[in-house]
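S.K.:
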Amino acid sequence: MVKDRTNQYYTELLTYMRGATEDYPAYDIKGGMKYTNTPAHFPWMFLHQIDGSGTAYTLSNGEQAINLAYQLDIYEKVSLGACRDMANKARVWFVEHGFRITYFNPIDNVNDRTINRFSMRVAKIET
1 MVKDRTNQYY TELLTYMRGA TEDYPAYDIK GGMKYTNTPA HFPWMFLHQI
51 DGSGTAYTLS NGEQAINLAY QLDIYEKVSL GACRDMANKA RVWFVEHGFR
101 ITYFNPIDNV NDRTINRFSM RVAKIET
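Take the sequence shown: its letters are residues 1 to 127, numbered as in the working numbering.
1) Under 8 Å: do the region 64-83 and the region 43-53 share three or more Cβ pairs, one atom per stretch?
2) So Phe118 is in the beta strand (DSSP E); what residue range does that whole segment cover?
3) When you compare the region 51-60 with the region 106-117, are there three or more beta-carbon pairs, one atom per stretch, that lie closer than 8 Å?
4) Taking the DSSP output, what are the residues bridged to Arg100?
5) Could you tell me which residues DSSP pairs with Lys30 in its beta bridges?
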């Protein structure tokens, strides 16, 4: 059985984003794992698990590993550049934790052009 670490990953990522690193400043970012149309605070980080399918089974049908994938959306009102900087900081954290980046792009917000959004998808085999 593979342990579900989603809450752990979310908490560690949010803590990392709020702290300064050698290359990036600390961000006053809030977030959640439940989608909201309009975040109450900016910047905002939304982490959503998009895959957790099994990938390695034993002969007795035990699950040894899963295909774990997340989508992270970052919302910011200052500028797309500031949003991209936050996404790059999150990218560093994911790579350090064994994820590979499968998607990394800004998303047009057709409902409100004052809100910038950057989206990334990450994946790894979780054991």
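Quick reminder that beta carbons are idealized off the backbone N, C-alpha and C, glycines included.
Given the structure is predicted, the values throughout are model-derived calculations rather than measurements.
M.R.: Well, looking at it:
1) yes
2) 116-126
3) no
4) Ala123
5) Trp44
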